[in-house]
Amino acid sequence: MTLYDLVFSEVNSPLTVLLIALTVYRVVTMLFGLDFDFDLDFDADASYDATGVDIEDLANMELKDKTIVGKQKRALKWWQIVLIYFNFSELPFLFTLTSWIFFWWIITITATFYTHSYENTFGLIIFFIAMIPALFINKIFTTPFKAFFKQLNRKGESALDLIGRKGTLLSNISGNKLGSVKLFVESDPINIYAKSLNGEQINRDTEILIIKQSKDKKFYFIKSYN
Numbered sequence: 171m172t173l174y175d176l177v178f179s180e181v182n183s184p185l186t187v188l189l190i191a192l193t194v195y196r197v198v199t200m201l202f203g204l205d206f207d208f209d210l211d212f213d214a215d216a217s218y219d220a221t222g223v224d225i226e227d228l229a230n231m232e233l234k235d236k237t238i239v240g241k242q243k244r245a246l247k248w249w250q251i252v253l254i255y256f257n258f259s260e261l262p263f264l265f266t267l268t269s270w271i272f273f274w275w276i277i278t279i280t281a282t283f284y285t286h287s288y289e290n291t292f293g294l295i296i297f298f299i300a301m302i303p304a305l306f307i308n309k310i311f312t313t314p315f316k317a318f319f320k321q322l323n324r325k326g327e328s329a330l331d332l333i334g335r336k337g338t339l340l341s342n343i344s345g346n347k348l349g350s351v352k353l354f355v356e357s358d359p360i361n362i363y364a365k366s367l368n369g370e371q372i373n374r375d376t377e378i379l380i381i382k383q384s385k386d387k388k389f390y391f392i393k394s395y396n
C-alpha cells in the first residue's frame with residue numbers, strides 16, 4: 171500500500187478531495203484575488219438565512235453569536251448550539267471549516283491505516299465517527315484565534331473612514347436585506363455588509379456609494395452611484 175492508495179481510497183478520498191479543494195481555493199484567491207460569486211442574501215433583523223452563497227463571502231464570513239441567535243428570546247435550536255460551541259461563530263467560517271476538515275481527515279487516515287479498513291465497511295464507520303472527536307480537537311485549536319480575529323477586526327474596518335467611498339455590490343439587496351460590498355482602500359480589497367439606504371432594490375455588480383454606518387456599527391447604508 172502506498173500513501174496515494176491510502177489517502178485516495180474509497181473511505182478517505184472524499185475528505186482528501188475536499189481538503190485539496192479548500193486549500194487550492196485559498197491559495198488561488200490569495201495569489202490572484204479571483205472571485206467566484208453566487209448571491210448572498212439575508213435579513214438584517216432575523217437569524218442568518220442564506221438563499222444563496224457568495225464563496226468569497228463564505229471565505230471571509232464571520233457568524234456572530236447575535237446573528238445566529240437573533241433577537242428572539244427563546245431556547246436555541248440544536249444547530250445554533252453546535253455553531254456557537256464549536257467556534258463556527260466569531261471566526262471566519264471557512265477558517266473553522268477547513269481546520270475541522272483537516273483534523274477529521276487526519277483522524278480518519280490514521281485510524282483506517284492502523285486498522286487496514288480504508289476500503290471496507292468498518293472504515294466507513296470510522297469515517298463518520300471521526301467527525302465527532304475532530305470537532306472537539308478543532309474547538310481546542312481554534313479557540314485561541316477568537317481573540318486574535320476580534321482584535322484584528324477592531325483595528326481593521328472599524329478604524330477606516332469608509333463614508334463617501336465607492337464600491338461594488340456583490341449581491342442583490344432591497345428592504346431589510348443585507349448584502350456584501352467590495353471596495354478598495356489604498357489598493358487593499360475590503361468586504362463590508364451593507365443595506366439599501368431607503369430600502370430600494372439595488373442589483374449586484376452595481377457601483378454604490380457608502381452613505382453612513384449603522385448605529386450598532388455592524389453594516390453600512392448605501393445607495394446606487396450615478
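Here the sequence shown is numbered in this note's numbering, starting from 171 and rising by one per residue. Heads up, the beta-carbon is just placed ideally off N, CA and C, and yes, glycines get one too. Quantities reported herein were computed from a predicted structural model and do not represent experimental measurements.
Short Cβ contact (8 Å threshold) for residue i with residue j
i      : j      : result
Ile372 : Ile381 : no
Phe298 : Pro262 : no
Leu188 : Ile296 : no
Leu176 : Phe283 : yes
Leu185 : Trp249 : no
Residue span of the beta strand (DSSP E) that contains residue i, given as start and end
i      : result
Thr282 : No beta strand (DSSP E) contains Thr282, which is instead part of the alpha helix (DSSP H) from 263 to 285.
Val355 : 347 to 355
Tyr390 : 390 to 394
Asp175 : No beta strand (DSSP E) contains Asp175, which is instead part of the alpha helix (DSSP H) from 173 to 177.
Ile381 : 377 to 383
Buried or exposed (CB count within 10 angstroms, at least 16 for buried), residue i
i      : result
Ile277 : buried
Lys365 : buried
Gln242 : Note that Gln242 has pLDDT 47, beneath the 50 cutoff, so the model's placement of it is unreliable and the number below is only indicative. Its Cβ having fewer than 16 others within 10 Å, Gln242 is exposed.
Ser183 : exposed
Val197 : exposed
Glu260 : buried
Bridge partners - residue i, DSSP secondary structure assignment
i      : result
Thr338 : Lys352, Glu377
Pro410 : For the chain, the structure presents residues 171 to 396; residue 410 sits outside this window and is missing.
Ile343 : Ile372
Lys365 : Leu348, Phe391
Which listed residue (the options) has its alpha carbon closest to that of residue i
i      : options                        : result
Phe273 : Ala304, Phe297, Gln250         : Ala304
Lys316 : Phe258, Val252, Lys387, Val194 : Phe258
Tyr363 : Tyr390, Leu264, Ile333         : Tyr390
Leu192 : Leu173, Ile251, Glu180, Ser269 : Ser269
Leu309 : Phe256, Ile279, Ser341, Gln383 : Here residue 309 turns out to be Lys, not Leu, going by the sequence shown. Answer by Cα proximity: Phe256.
Residue i: first and last residue of the uninterrupted alpha helix (DSSP H) it sits in
i      : result
Leu253 : 248 to 255
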